[in-house]
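See below for the structure under consideration.
2 protein chains.
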Amino acid sequence: MRIKDILFSEQPPANASIRGWVRTKRDAKGFAFLEVNDGSCLKNLQVILEESLAGFETLKNINTGASVMIEGNLVESPGKGQKWELRATSITLIGEADAETFPLQKKRHSDEFLRTIAHLRPRTNKFGAMFRIRSESAFAVHQFFHEGGFYYVHTPIITGSDCEGAGQMFRVTTLPTAFVPPQGEAAFEQDFFGKEASLTVSGQLEAEAYACSLGRVYTFGPTFRAENSNTPRHAAEFWMIEPEVAFADLTDNMVLAETMVKFMTAHIMENCADDLELFAKFVDETLMSRLNNLVNSDFARLPYQDAIDILKASGKTFEFPVDFGTDLQTEHERYLCETHFKKPVIVYDYPKTIKPFYMRLNDDNRTVRAMDVLVPGVGELIGGSQREERLDILQQRMADVKMDTAPYWWYFDLRRFGSVPHSGFGMGFERFLMMITGVSNIRDVIPFARTPKNLEF
Amino acid sequence: MRIKDILFSEQPPANASIRGWVRTKRDAKGFAFLEVNDGSCLKNLQVILEESLAGFETLKNINTGASVMIEGNLVESPGKGQKWELRATSITLIGEADAETFPLQKKRHSDEFLRTIAHLRPRTNKFGAMFRIRSESAFAVHQFFHEGGFYYVHTPIITGSDCEGAGQMFRVTTLPTAFVPPQGEAAFEQDFFGKEASLTVSGQLEAEAYACSLGRVYTFGPTFRAENSNTPRHAAEFWMIEPEVAFADLTDNMVLAETMVKFMTAHIMENCADDLELFAKFVDETLMSRLNNLVNSDFARLPYQDAIDILKASGKTFEFPVDFGTDLQTEHERYLCETHFKKPVIVYDYPKTIKPFYMRLNDDNRTVRAMDVLVPGVGELIGGSQREERLDILQQRMADVKMDTAPYWWYFDLRRFGSVPHSGFGMGFERFLMMITGVSNIRDVIPFARTPKNLEF
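These protein sequence lines map, in sequence, to chains H and V.
Using UniProt numbering, the letters of the first sequence map in sequence onto residues 1 to 457.
Using UniProt numbering, the letters of the second sequence map in sequence onto residues 1 to 457.
As structure tokens, this is what we get:
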């Protein structure tokens, strides 16, 4: 039986058999107490063992971290914080944990230290809670889109084209390291794919092909950036959610983004209340008010030009000055949603010069139908746009930025044959997790994070 | 309104506005008929346009493949095969499709041809159905594990160790192609991770770490094989489902595998009936009887030794002769489940010599607690095992096969600190899709397949 099923039961069976890991052991006169956790939930089950119990002497080898199987009677707990406790009728030590060498002794450990034992940190309260929330958030993504009639598409991870110019890419190869390739065209002739291959930075372009067939689709998979930047917000490998909707304009896109974020947030507040409480208590005291605010407010919407005006009129000195044509930095994004609007904000109609080629050009010929969703505590959570569905304008935009259009023949086909207005966005899954837990380092929301010079596990 | 919602409605609203792509146009005296599909389901909505309709003349520019928006009245259809049809009150051409150049004219196209237009093939009945089934199958995976109290773990895609020896790996690098690295230790010093990096072949080892914390977990993500083999069953990039369960032995593992496959199959039979019917009709006439057989039969279970005995006694001449110690080939697997047992079969306790180091050694010291699930029509669908939880035996096995154990320090820790019996398996998602549709080429169950020399889109 899972401990979660016992603790959340109105009336559990009289007898139970549990298996899990010992979090703490306390000796009393004639008794011992064990706190046992099996990972199913944050709470431990308290186990009481009487001295008279057969096998009681095993306890001397049972330390924090040991795995055990315990049978016993479930009785109402007189202690507070738990409804049921287990009075053991038998105990079996399954795997020992040496008190000298087991790294997770009962005390506070720094996040930095726990990153070095990423294989053990989910055995702590904090990281157990984190990765249960991560799992439930992923489920919320699938549930949200499934209910909305979206189809899930697995877009390719290995790609032959830098589809967005969104960032530096990892190269994928089977050539030996010492191999010096011929110059020019033939450079990749002997490589696995016969041409240069990279890890994807976005599944958007392929998702567009599926939106233009199945109507409403989304991707949810790993994406990669080879930027050599060691910041708390960047990882080389992270998961991204990218819906794409045929016949949807930018307003539809904003509605979808707002609805999705609210759905996921409410889902976690409802289904992970205990785990979330840990973060509200120990990581970010403003967490619950931030999340309540997010779920209950209508996101502000304003054009980029207005956002610039607000920032310039703010009287605040920013590290990066703003003017029409500059990209918003995190400090600007957070000023807008934390100080000015005090709620999530959607900024739209950005200058074309700072946005990729595929965003739909406005009639003013200087802005595009882009939108970013900014949330308090995090800044940019979502970036998206209505896509350019007019072939001639799309090709002109690519020519303007001197892109090699050859790999995009199929992308053009989507505009040649039954082209439709369509829109979509991308949300970094880890960005969402940082928002919903208040955790400020991306390394702490990924099971085994990949960053420059860091490829352990 | 989605066409699916209209066609499956008991009583749709009197008026509707639909948007989609024209599959066919037929002219009659005073009328025209359009079949419109919006990707939401296999069926088209039939639209009737009267000559008197304003904008009727637009029809001359509306060919197969064009995108349209049509408003009209929904009325009961006198024709068979559909409950409702739309009598147009207005029609708007959104995007043209030239009758000369649009590649998907109304006729049969070969799978080979359609692979060359993978961006358009989901606009065909067959591939629309395929990728709706793929989406729904993925949802079934998440639903199955979510209901079973499993947590979803995103194990890393970029890895520093060849964690299974399961196959050849792609290397991931940011070094320029012309870069000739120093020899030995320093070879990867200047690379992004400071050491050799590859694309994962399995998330199992990392999933084990999470099973040993959260209890029941699963992964569902892309995995990679750099094998230069051009077969209908191999792709360089495919998705894999890998559950891992603490305190589970091999029997529990078999039960989980059988339950999962039956759940997913029944889910698709129930939720994708129309799409599945297409495959039963045009791809594999035995499909429905195979699937019914799978859902309704208890999978046979037998030790590898018995499987060998059956194959040797079969009197059949196999391309690859069998004896204890040889790996089962597809021909053997299919003989067992298609000819001998006539239902799915689980073979277990394989010779240790043909299985990886992490599988639990039996007391006979020559077999391991491995299991493969074989299904009619496909052969091996699932491979799994109880894992070796005893540190000394695990290390001995690795020494026997001369593995470099240094990268596995953390994997050993799982056996050092509160080690538990645990089990898991892997199911290739595409293998499942081939089974459930009868499609025999893996390139046709992946949106954009990656195979040797093939990296288009």
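Heads up, the beta-carbon is just placed ideally off N, CA and C, and yes, glycines get one too.
- In the structure shown, the three-state DSSP call for T265 (chain H) is helix.
- DSSP, read as helix, strand or coil, puts R123 (chain V) in helix.
- Contacts between D413 (chain H) and chain V, judged by CB atoms closer than 7 Å, involve H119 and L120 in chain order.
- Residues of chain H whose Cβ lies closer than 8 Å to the Cβ of A97 (chain V) are, in chain order, R416, F417 and G418.
- Taken in chain order, the unbroken stretches of alpha helix (DSSP H) that lie wholly in the region 2-26 of chain H and span 4 residues or more are 3-7.
- Look at M169 (chain V) here: in three-state DSSP terms it is coil, with no helix or strand label.
- For the region 83-95 of chain H, residues whose beta-carbon sits nearer than 7 Å to a beta-carbon of chain V comprise I94 and G95.
- With respect to S17 (chain H), E71 (chain H) sits close: the two C-beta atoms are nearer than 8 Å.
- In this structure R387 (chain V) is in contact with S423 (chain V), their Cβ atoms being roughly 6 Å apart against a cut-off of 8 Å.
- The beta carbons of L278 (chain V) and L42 (chain V) sit about 6 Å from each other, so the pair counts as a contact at 8 Å.
- For the set H:K25, H:A197 and H:I6, the Cα lying nearest the Cα of A14 (chain H) is the one of H:I6.
- Annotation for F131 (chain V): P122 and P447 place their beta carbon closer than 7 Å to its own, counting only its chain and skipping 5 residues before and after.
- Looking only at V:R26, V:D444, V:Q11 and V:L114, the smallest Cα-Cα distance to F238 (chain V) is reached by V:D444.
- Straight-line measurement puts the Cα of A257 (chain H) at about 39 Å from the Cα of T174 (chain H).
- Between the C-alpha atoms of V368 (chain H) and L311 (chain H) there is a straight-line separation of about 20 Å.
- DSSP places Y408 (chain H) within a helical segment (H, G or I) once states are collapsed to three.
- Taking C-beta separations shorter than 8 Å and ignoring five residues to either side along the sequence, the partners of H340 (chain V) in its chain run I310 and S314, following chain order.
- At least one C-beta of chain H is nearer than 8 Å to the C-beta of A138 (chain V).
- A88 (chain V) is not a Cβ neighbour of I62 (chain V), given a cutoff of 8 Å.
- Counting only runs of 3 or more residues that sit fully inside the region 48-72 of chain V, no beta strand (DSSP E) segment turns up.
- For I48 (chain V), the closest Cβ of chain H is not nearer than 8 Å.
- For S213 (chain V), the neighbours in chain H by C-beta distance under 7 Å run, in chain order, G39, P122, R123 and G128.
- DSSP lists V:V347 as the beta-bridge partner residues of L302 (chain V).
- If you look at D372 (chain V), you'll find it in the beta strand (DSSP E) that goes T367 to V375.
- Proximity of chain H to L199 (chain V) at the Cβ level (cut-off 9 Å) is accounted for by I157, I158, V172 and L199, in chain order.
- Judged by DSSP secondary structure, A235 (chain V) falls outside any beta strand (DSSP E); it is assigned neither H nor E.
- When secondary structure is reduced to three states using DSSP, R216 (chain H) falls in the strand class.
- In this structure, DSSP gives A248 (chain V) a state outside helix and strand, which the three-state scheme calls coil.
- Of all alpha-carbon atoms in H:L74, H:S137, H:L214 and H:E57, the one lying nearest the alpha-carbon of T124 (chain V) is that of H:L214.
- With respect to F144 (chain V), M269 (chain V) sits apart: the two C-beta atoms are not nearer than 8 Å.
- Neighbours of P447 (chain H) in chain V, taken as residues whose beta carbon is under 9 Å from its own, are V153, H154, T155, P156, E206, A209 and Y210 in chain order.
- The residues A32, in chain order, have a CB closer than 6 Å to that of L59 (chain V) in the same chain once the five nearest residues on each side in sequence are set aside.
- Interface with chain V (8 Å Cβ-Cβ cutoff): P13 (chain H) is excluded.
- For the set H:S297, H:H332, H:V295 and H:V283, the Cα lying nearest the Cα of A307 (chain H) is the one of H:H332.
- Distance between T219 (chain V) and M240 (chain H), taken at the CA atoms: about 16 Å.
- By the criterion of a C-beta distance shorter than 7 Å, F170 (chain H) is surrounded in its chain by S198, L199, F224 and A226, once the five residues flanking it on both sides are discounted.
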